[in-house]
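**Student:**
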Amino acid sequence: MPVGTQAAVKTLHPDEVRATGASIILANTYHLMLRPGVETIRRADGLHRFMGWDGPILTDSGGFQVFSLAHKAQVSDDGVTFRSHIDGSAHRLTPERAVELQLGFGSDVLMPLDHVVGLPAERVAVRDATERSHRWLVRCQEAHRARDETSRGSVLFGIAQGGLEPDLRRESARFVASSEVAGCAIGGLSVGEPKPLMAAMLEVVEPDLPRQKPRYLMGVGSPEDLWMGVERGVDLFDCVLPTRLARNGAVFTPDGRVSIRHRFFAERHEPLDPSCDCAACCRFTAAYLHHLFRAGEVLGLRLASAHNLRFLARQMESIRAAIEAGAFTQAHAEFRDRYRPVGAVGGGVRDDGLEGEP
1 MPVGTQAAVK
11 TLHPDEVRAT
21 GASIILANTY
31 HLMLRPGVET
41 IRRADGLHRF
51 MGWDGPILTD
61 SGGFQVFSLA
71 HKAQVSDDGV
81 TFRSHIDGSA
91 HRLTPERAVE
101 LQLGFGSDVL
111 MPLDHVVGLP
121 AERVAVRDAT
131 ERSHRWLVRC
141 QEAHRARDET
151 SRGSVLFGIA
161 QGGLEPDLRR
171 ESARFVASSE
181 VAGCAIGGLS
191 VGEPKPLMAA
201 MLEVVEPDLP
211 RQKPRYLMGV
221 GSPEDLWMGV
231 ERGVDLFDCV
241 LPTRLARNGA
251 VFTPDGRVSI
261 RHRFFAERHE
271 PLDPSCDCAA
281 CCRFTAAYLH
291 HLFRAGEVLG
301 LRLASAHNLR
311 FLARQMESIR
321 AAIEAGAFTQ
331 AHAEFRDRYR
341 PVGAVGGGVR
351 DDGLEGEP
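Per full-length UniProt numbering, numbering of the sequence shown is gapless, rising by one per residue and ending at 358.
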């Protein structure tokens, strides 16, 4: 899923997002409740009309942002009180309020409020947060059911937490799997832990998540992580990484991630990726993209963003085709042999190594 945190995928028109192959996008409750506010979106007849997107929208509950961006967050079993990172105003978010906000947005897929703890964390803190997330999920389910008229057509996912504690991860996955939710998300990963550890946590929860429901790995979306996640049973991903990297000149290629700003591309009068059918590669050369970034032209940001999103969509298309052909293991090995997360093209062209969450 491309990320439209504040009701926009940065630099791109909704039609351009759709052209990358995206069918669903993500928006964020924390950011939208602060600006422009749920009442403005409701008066606009919902988020779809407001932002001009005619496909499904999944909204994150804002839990991650409350605990990472907001000031002086105070959590209790009832909910969390925090101050806006924009103007310092005080706000209260409860499980019921999170559902109310997302229904006000007209979201198609709702996420429950969960308690995200930063890693590394003491086991007791992880356990407390995980158990609180379970209680909040129950309250979100009750709030969603209670608003039958306004919730019609929307679905609620559950989120499995547990930090880096295998037994807590397993316990949380089983709790979510036993709940009446439409899909199962895996949260609290990709927050700085080594990737092998993230993979290990996915292997822990995979056996306990129902195969008939979509599995959503939150905040993960690099090319190599798509293959790794699908190998461990994941269906759905989201991440700010592809567009954030693009705005800084880092682009995906079949050989790895590279910086279009590098002088290597100054005279590359051919598409960045001849196999790509995105708006950038079908019409422009790598040398032109290089020029746009060197000149500070906004078009460069747009074309690079469209390219990175299309690259990820094509990876998922390749993954689906490989699964249908019974050749996933071979296809994954071929990808791994060629692709370098921080690319090396033309004798050492590398990207800027940007990482991080919103």
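Note that beta-carbon positions come from the ideal geometry of N, C-alpha and C, so glycine has one too.
#1: Let me check understanding here. Comparing Cα to Cα, which of Lys-213, Arg-97, Gly-62, Glu-96 lies closest to Ser-84?
#2: Are the CB atoms of Leu-312 and Gly-300 nearer to each other than 8 Å?
#3: Taking all protein chains shown into account, do 16 or more other C-beta atoms lie within 10 angstroms of the C-beta of Arg-336, making it buried, or fewer, making it exposed?
#4: When the Cα atoms are used, what is the spatial distance from Arg-340 to His-134?
#5: So which of Ala-7, Thr-11, Gln-6 has the shortest CA-CA distance to Leu-245?
#6: If you run the structure through DSSP and keep just helix, strand and coil, what is Val-124?
#7: Which term fits Cys-282, buried or exposed, when burial requires 16 or more other beta carbons within 10 angstroms of its beta carbon?
#8: May I ask you to list the residues that DSSP assigns as paired with Cys-184?
#9: Assuming Val-234 and Phe-157 are in contact, meaning their beta carbons sit under 8 Å apart, how far apart are those beta carbons, in whole angstroms?
#10: What did DSSP end up calling Phe-284 once you bin it into helix, strand or coil?
#11: Cβ of Ala-129 within 8 Å of Cβ of Val-138?
#12: Beta-carbon within less than 6 Å of Ala-146's beta-carbon, same chain only, minus the 5 sequence neighbours each way: which residues are those?
#13: Measure the beta-carbon distance from Leu-47 to Ala-7 and round it to whole angstroms, keeping in mind my assumption that it falls under 8 Å.
#14: Taking all protein chains shown into account, do 16 or more other C-beta atoms lie within 10 angstroms of the C-beta of Val-17, making it buried, or fewer, making it exposed?
#15: Name the DSSP bridge partner or partners of residue 360?
#16: Note the first and the last residue of the continuous beta strand (DSSP E) segment covering residue 361.
#17: Within 10 angstroms of the Cβ of Gly-346, are there 16 or more other Cβ atoms? Answer buried if so, exposed if not.
#18: Would DSSP call Ala-90 helix, strand or coil?
#19: Would you mind reading off the limits of the beta strand (DSSP E) that contains Phe-252?
#20: I'd like to confirm something about Ser-190: is its beta-carbon nearer than 7 Å to some heavy atom of the ligand PLP, or not?
#21: According to the Cβ coordinates, are Leu-236 and Tyr-216 closer than 8 Å?
#22: In the structure shown, what three-state DSSP assignment does Ser-84 receive?
#23: For the beta strand (DSSP E) containing Gly-229, name the first residue and the last one.
#24: By DSSP's criteria, Val-220 is part of a beta bridge. Which residues make up the other side?
#25: Around the C-beta of Met-1, are 16 or more other C-beta atoms found within 10 angstroms, so that it is buried, or is it exposed?
#26: State the DSSP-derived secondary structure class of Arg-294, mapped to helix, strand or coil.
#27: So, for Val-3: in the same chain, excluding its five sequence neighbours on each side, which residues have a beta-carbon less than 6 Å away from its beta-carbon?
#28: Using a Cβ-Cβ cut-off of 7 Å (strictly less than) and excluding sequence neighbours within five positions of Glu-193, which residues of its own chain qualify?
#29: What are the partner residues of Gly-256, as DSSP defines its beta bridges?
**Tutor:** Based on what the coordinates show:
#1: Put simply, of Lys-213, Arg-97, Gly-62, Glu-96 the residue whose alpha carbon is nearest the alpha carbon of Ser-84 is Gly-62.
#2: no
#3: exposed
#4: 38 Å
#5: Thr-11
#6: helix
#7: exposed
#8: Note: Cys-184 sits in a beta bridge opposite Gly-158, Arg-215.
#9: So it is not a contact: roughly 13 Å between Cβ atoms.
#10: coil
#11: Going by C-beta atoms, Ala-129 is not nearer than 8 Å to Val-138.
#12: none
#13: 6 Å
#14: Residue burial is scored here from C-beta neighbours: Val-17 has at least 16 other C-beta atoms within 10 angstroms and is therefore classed as buried.
#15: Outside the shown range of the chain (1 to 358) lies residue 360, about which nothing can therefore be said.
#16: Residue 361 falls outside the range modelled here, since the chain spans only 1 to 358, and no answer is possible.
#17: Only weak support exists for where Gly-346 lies, its pLDDT of 46 falling under 50; the value from the coordinates is given anyway. Exposed is the call here.
#18: strand
#19: Phe-252 -> beta strand (DSSP E) spans 250 to 253.
#20: Ligands displayed in this structure: none; no statement on the ligand PLP is therefore possible.
#21: yes
#22: coil
#23: It is not in any beta strand (DSSP E) - Gly-229 instead sits in the alpha helix (DSSP H) that spans 223 to 231.
#24: Asp-238
#25: buried
#26: helix
#27: The beta carbon of Val-3 lies closer than 6 Å to those of Leu-26, Asp-238, Val-240 in the same chain, with the five residues before and after it left out.
#28: Leu-119, Leu-164
#29: Thr-253, Arg-340
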